[in-house]
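Asker:
4 protein chains.
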Amino acid sequence: MARLTGSDGRRTMAAIQQAALQLIYEHGYEATSLRLLAKKVGLHTGSLYNHISNKQELLFYLIRSHMEDLLRSCSEYMDAHASGDSRADVEHFIRFHIRFHVDRKHEVFISYSELRSLDKQNYEFITAMRQIYENRLISLVSAGIDKGAFHIGDARIVAFGVLSMLAAIPSWFKPDSPLTVDAVTEQFTAFVLNGLAGSTPPANSNP
Amino acid sequence: MARLTGSDGRRTMAAIQQAALQLIYEHGYEATSLRLLAKKVGLHTGSLYNHISNKQELLFYLIRSHMEDLLRSCSEYMDAHASGDSRADVEHFIRFHIRFHVDRKHEVFISYSELRSLDKQNYEFITAMRQIYENRLISLVSAGIDKGAFHIGDARIVAFGVLSMLAAIPSWFKPDSPLTVDAVTEQFTAFVLNGLAGSTPPANSNP
Amino acid sequence: MARLTGSDGRRTMAAIQQAALQLIYEHGYEATSLRLLAKKVGLHTGSLYNHISNKQELLFYLIRSHMEDLLRSCSEYMDAHASGDSRADVEHFIRFHIRFHVDRKHEVFISYSELRSLDKQNYEFITAMRQIYENRLISLVSAGIDKGAFHIGDARIVAFGVLSMLAAIPSWFKPDSPLTVDAVTEQFTAFVLNGLAGSTPPANSNP
Amino acid sequence: MARLTGSDGRRTMAAIQQAALQLIYEHGYEATSLRLLAKKVGLHTGSLYNHISNKQELLFYLIRSHMEDLLRSCSEYMDAHASGDSRADVEHFIRFHIRFHVDRKHEVFISYSELRSLDKQNYEFITAMRQIYENRLISLVSAGIDKGAFHIGDARIVAFGVLSMLAAIPSWFKPDSPLTVDAVTEQFTAFVLNGLAGSTPPANSNP
DNA sequence: TATGAATGAGTGTTCATTCAT
DNA sequence: TATGAATGAACACTCATTCAT
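Chains as they are written, first to last, in the numbering used here: chain A, 31 to 237; chain B, 31 to 237; chain C, 31 to 237; chain D, 31 to 237.
1. Is the segment 67-82 of chain A close to the segment 98-116 of chain A, with three or more CB pairs under 8 Å?
2. Can you pull the chain B neighbours of residue 191 of chain A, defined as C-beta to C-beta under 7 Å?
3. Does any residue of chain C bring its CB to less than 7 Å from the CB of residue 187 of chain D?
4. Spatial neighbours of residue 120 of chain A within its chain, please: CB distance less than 6 Å, with the 5 preceding and 5 following residues excluded, ordered by chain position.
5. Give the secondary structure of residue 53 of chain A by DSSP, where H, G and I count as helix, E and B as strand, and everything else as coil.
6. On the premise that residue 108 of chain D lies in contact with residue 126 of chain D, defined as a C-beta separation below 8 Å, what is that separation, rounded to the nearest angstrom?
7. So which residues of chain A does residue 146 of chain B contact, with C-beta pairs closer than 7 Å?
8. Below 8 Å, can you find three or more Cβ-Cβ pairs linking the segment 136-154 of chain B to the segment 191-211 of chain B?
9. With 7 Å set as the bound, which would you pick, yes or no: does the beta-carbon of residue 158 of chain D sit closer than that to a beta-carbon of chain C?
10. Answer with yes or no whether the minimum CB distance from residue 63 of chain B to chain A is below 7 Å.
11. Residue 106 of chain B: buried (16+ other C-beta within 10 angstroms of its C-beta) or exposed?
12. Can you find the residues in the same chain that come closer than 6 Å, C-beta to C-beta, to residue 16 of chain D, ignoring five residues on each side of it along the sequence?
13. Is the beta carbon of residue 167 of chain D closer than 7 Å to that of residue 123 of chain D?
14. Can you give me the C-alpha to C-alpha distance between residue 186 of chain C and residue 117 of chain D, rounded to a whole angstrom?
15. How many angstroms separate the CA atom of residue 159 of chain B from the CA atom of residue 42 of chain D?
16. If we count the other Cβ atoms within 10 Å of its Cβ and call it buried at 16 or more, is residue 162 of chain B buried or exposed?
17. Using a C-beta cutoff of 7 Å, does residue 198 of chain A count as contacting chain B?
18. Applying a beta-carbon distance threshold of less than 7 Å, which residues of chain D neighbour residue 152 of chain C?
19. Taking C-beta pairs closer than 9 Å, name the residues in chain D that residue 214 of chain C reaches, listed in chain order.
20. Residues in its own chain within less than 6 Å of residue 181 of chain A by CB, not counting five upstream and five downstream?
21. Quick one: Cα of residue 111 of chain C to Cα of residue 104 of chain C, how far?
22. Let me see if you follow: with CB-CB separation under 7 Å, is residue 236 of chain D close to chain C or not?
23. Please return the same chain residues whose Cβ sits closer than 8 Å to the Cβ of residue 133 of chain C, not counting the five positions on each side in sequence.
24. Runs of 4 residues minimum, wholly inside the segment 72-141 of chain A: which ones carry the alpha helix (DSSP H) assignment?
25. I'd like to know whether the C-beta of residue 172 of chain B is nearer than 7 Å to at least one C-beta of chain A.
26. Could you list which residues in chain A have their beta carbon closer than 9 Å to that of residue 105 of chain B, in chain order?
27. How would you write the range of the alpha helix (DSSP H) that residue 163 of chain C sits in, first residue to last?
28. Closest to residue 226 of chain A by C-alpha separation, out of A/212, A/175, A/164, A/53, would be which residue?
29. Would you say residue 32 of chain B faces chain A, with C-beta separation under 7 Å as the test?
30. Does the Cβ of residue 217 of chain B have 16 or more other Cβ atoms within 10 Å, making it buried, or fewer, making it exposed?
31. Within 10 Å of its beta-carbon, does residue 220 of chain C have 16 or more other beta-carbons around it, so buried, or fewer, so exposed?
32. Run the proximity test for residue 86 of chain C: is its beta-carbon closer than 6 Å to any non-hydrogen atom belonging to the ligand ADP?
33. What are the start and end residues of the alpha helix (DSSP H) that includes residue 186 of chain B?
34. Do the CB positions of residue 66 of chain A and residue 78 of chain A come within less than 7 Å of each other?
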């Protein structure tokens, strides 16, 4: 009995998280009221506070969980596919990134767009986690430059570009379109690797 | 003297717009209260309504103005630099985009991230404008594929990638950094053109 | 020129009154905003104050004008139709009342239902005017009792009843119905005169 | 003890209703602010919304409750005093009406004068209820005409007159006056019955 | 744990009124 | 007289949060 109570509690909390992810994704953190959240979960507003401490902590929890998941999964994947080849490493990173993000549309969106709604301390905590992730790609690109595999000027700039490109995928990718995740992955991988390889200098046009 | 009346009104409205851009950029549309906005402009809350009809229309106005500005400027620039060369055209698009966006940090951010806060009708209006802009790049890329200048699979996908990459620049670019706008522009131009040129097929690794 | 200005001013004021009567009739005094009124008249809100001193005074003016009109017209009519016969006098009062009220639907309604919106001083002023009117009927009824024409217990009670009955006519009478004003007048006159004549005592049922 | 919670909620709602009746009677619906209402009940403004859904619904609830009460009580009374005699039936209706209305001054006034403040749907709902009540009297009068007990031209017109007369009683009747309810009842009953009996045709004066 | 009522601060918006031009 | 901008108070209503039961 007592176990079942705990079990129900955990199930309720999971329902709260899932509902919160969807509501915040749809309306944004500020526009998502706990009234609405409670209703969606089938609780009275006050009862939410048996499961969460407050709204800000709920947001932080959602984003932090996602980031922890991301960092852990990325480490596992990259460790499993480690190679000395920079091109192969970058390709694996892209592959991992797309796979991981494509079916976490809500979490991904919130983790970017609601950073602003985190209070200072929580914001810095998440930002630090994000930098760890970004640094993985920056490192791979830098290493490639050093090894002569990539010919680009600034690893950080290009890495930011690539990450922005990847991060936006869930916002326009439609799982039910004829376009498969694998097709998108191949296109982006080829595009990025060619971009990094860098044989063609830009025409030096004066604007 | 008499002219100053109208002039004052126009000046007040301009102040409202500027303050709104900054506040919405900082806190988001939902979290930006008209009280705060009024205070920043030096008005009583109710006096705002001598200049705007409501909060939603203010947001719409800000975004629409920005998008109109974007489309007009883009047309002018591209018309002025028209060439038969796909590579040159894409390069000009990138050059224009970065130039235009880099010193419109607030407008750019809001025009993306607060689409969700627009009501249905306004949302569709802005989305249609955005598509016009996106289609410019998609067309250039498609044309390049047709002419054999670019070797990529799907013009739309890659164009979305490029746009995402470009759109994110104001979020990480710091005007006071040693890195100049021109340097960023060159890096991105080279990266994108090489990506589009596309000599290197991806290693077909099964994940 | 100067005359024409004054003339325009008077015309504007007349338009304000008419619009106010209709708006207050429709929405009530509290729910009628000066914004709406100004719009209906084709002025900006602030410009109203070139014609009225404030909202309360406008209401007072509307009601007082109506009451003055009522008292003056009633005096004229009753003086013109004076007779020694109580029955004839009451009949004339009823006839006058219906005639006067039927095509002043707005004024009548407002003069009753918005008494509550008058401030104390204005309320008392109007109430005094109303009592003068009510006393006319009460006097006629009292006189009829004294002369033995009417057989009822309390002139005031019955007079109030009759006045209530008459006052409500504009609220249900529809000028475009097959029922004419004259028909209504006849029905009410007969009913009231028979009621006042009073031959039949009520069955003394214990409730 | 535990029961007291529900009990408190119900007691609060009852207090809200009573306070609302009095305030709306005094100042009108539009001029009655929820701030004032809350203060009178001893709540914060927002706490009202634990009991009502909005101001309009509160008004609707007050009027609807009154009308339901009226229709139910009227049915009970008339059923209990049913008789084949039209004069007795009308007398009972009048008796019931006065009894019922005299000590419901607030409800009665609001239910008439604030119909205009109901939104369209609620207005039509209440109007339909009112017509049921009015039709009771109209039916009695019609039946009396058919049976030859009453001699008047149009049952509807006269019934409206009688209802207006009765409806206004609470507005001038003072419970603490020497005049008793029973006295008023007798006077009105006699007046109406004589009016309906209708022996005297009106003098056909041309105004 | 859930409930329902309460809190107190806050929201966007409207109001009658004023006044320099 | 008309205008357009400003005022300052008020409005109905929602919010996250608390707490006795």
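Ideal placement from N, C-alpha and C gives every residue a C-beta, glycine not left out.
Answerer: The short version:
1. no
2. Position 161 of the first sequence, counting from 1, holds the residue named residue 191 of chain A. In chain order: 195, 218, 221.
3. For the purposes of this step, residue 187 of chain D is taken as the residue at position 157 of the fourth sequence. With 7 Å as the cut-off, residue 187 of chain D counts as an interface residue toward chain C.
4. The residue given as residue 120 of chain A occupies position 90 in the first sequence. Taken in chain order, the residues that qualify are 170.
5. Translated into the one-based positions of the first sequence, residue 53 of chain A becomes position 23. Helix.
6. Numbered from 1 along the fourth sequence, position 96 holds the residue referred to as residue 126 of chain D. Numbered from 1 along the fourth sequence, position 78 holds the residue referred to as residue 108 of chain D. Rounded, the Cβ-Cβ distance is 7 Å, consistent with contact.
7. Translated into positions along the second sequence, residue 146 of chain B becomes position 116. 58, listed in chain order.
8. With a cut-off of 8 Å, the segment 191-211 of chain B and the segment 136-154 of chain B count as touching, because enough Cβ pairs lie within range.
9. Looking up residue 158 of chain D in the fourth sequence gives position 128. Chain C, which has no Cβ nearer than 7 Å to the Cβ of residue 158 of chain D, makes this no.
10. Locating residue 63 of chain B in the second sequence gives position 33, where the first residue counts as 1. Output row for residue 63 of chain B: interface = no.
11. Taking the second sequence and counting its residues from 1, one reaches residue 106 of chain B at position 76. So residue 106 of chain B ends up on the exposed side.
12. In the structure as shown, chain D starts at 31 and stops at 237, and residue 16 of chain D therefore has no counterpart that could be examined.
13. Counted from its first residue, the fourth sequence places residue 123 of chain D at position 93. Counted from its first residue, the fourth sequence places residue 167 of chain D at position 137. Yes. Within cutoff.
14. By 1-based counting over the third sequence, the position of residue 186 of chain C is 156. By 1-based counting over the fourth sequence, the position of residue 117 of chain D is 87. Their backbone Cα atoms lie some 24 Å apart in a straight line.
15. Stepping through the second sequence from its first residue, residue 159 of chain B is reached at position 129. Stepping through the fourth sequence from its first residue, residue 42 of chain D is reached at position 12. Between residue 159 of chain B and residue 42 of chain D, the C-alpha separation is close to 54 Å.
16. The residue you call residue 162 of chain B lines up with position 132 of the second sequence. Classification of residue 162 of chain B: exposed, given that the 10 Å Cβ count is below 16.
17. By one-based count along the first sequence, residue 198 of chain A stands at place 168. Yes, contact with chain B.
18. As a working mapping, residue 152 of chain C is identified with position 122 in the third sequence. Per Cβ cutoff of 7 Å: no residues; residue 152 of chain C is ~15 Å from chain D at best.
19. As a first step, residue 214 of chain C must be located in the third sequence, where it is residue number 184. Under the 9 Å cutoff, chain D gives 184, 187.
20. By one-based count along the first sequence, residue 181 of chain A stands at place 151. Result list for residue 181 of chain A: 228, in chain order.
21. Taking the first residue of the third sequence as 1, we reach residue 111 of chain C at position 81. Taking the first residue of the third sequence as 1, we reach residue 104 of chain C at position 74. Spanning the two alpha carbons is a distance of roughly 10 Å.
22. By 1-based counting over the fourth sequence, the position of residue 236 of chain D is 206. With a pLDDT of only 40 at residue 236 of chain D, under 50, the local geometry of the prediction cannot be trusted, and the value read off the model is given with reservation. No, residue 236 of chain D lies away from the interface with chain C (no Cβ there is under 7 Å from its Cβ).
23. Here the question's residue 133 of chain C lines up with position 103 in the third sequence. Same-chain partners within the cutoff: 205.
24. Look at the segment 72-141 of chain A and you find these whole runs of alpha helix (DSSP H), each 4 residues long or longer: 75-78, 85-110, 116-132.
25. Residue mapping note: residue 172 of chain B aligns to position 142 of the second sequence, counting from 1. For residue 172 of chain B, the answer is no, since every Cβ of chain A falls outside 7 Å of its Cβ.
26. Position 75 of the second sequence holds residue 105 of chain B. Under the 9 Å cutoff, chain A gives no residues; its nearest Cβ is about 16 Å from residue 105 of chain B.
27. In the third sequence, counting from the first residue as 1, residue 163 of chain C sits at position 133. Start and end: 150-176.
28. The sequence position of residue 226 of chain A within the first sequence is 196, counting from 1. Of the listed residues, the one whose Cα sits closest to residue 226 of chain A is A/175.
29. Taking the second sequence and counting its residues from 1, one reaches residue 32 of chain B at position 2. In this prediction, residue 32 of chain B has a pLDDT of 33, which is less than 50 and means its spatial position is unreliable; what the coordinates show is noted afterwards. It does not; no Cβ of chain A falls within 7 Å.
30. In the second sequence, the residue the question calls residue 217 of chain B occupies position 187. Looking at its Cβ environment, which holds 16 or more other Cβ atoms inside 10 Å, residue 217 of chain B is buried.
31. Position 190 of the third sequence, counted from the start, is the residue given in the question as residue 220 of chain C. The residue in question, residue 220 of chain C, is buried, as its Cβ has 16 or more Cβ neighbours within 10 Å.
32. Inclusion of the ligand ADP in the displayed structure is not the case, the ligand content being empty and no account of it being possible.
33. As a first step, residue 186 of chain B is located in the second sequence; it is residue number 156 there, counting from the start. It spans 185-197 - the alpha helix (DSSP H) in which residue 186 of chain B sits, taken as one unbroken run.
34. Mapped onto the first sequence, residue 66 of chain A falls at position 36. Mapped onto the first sequence, residue 78 of chain A falls at position 48. For the pair residue 66 of chain A and residue 78 of chain A, the CB atoms are not nearer than the 7 Å cut-off.
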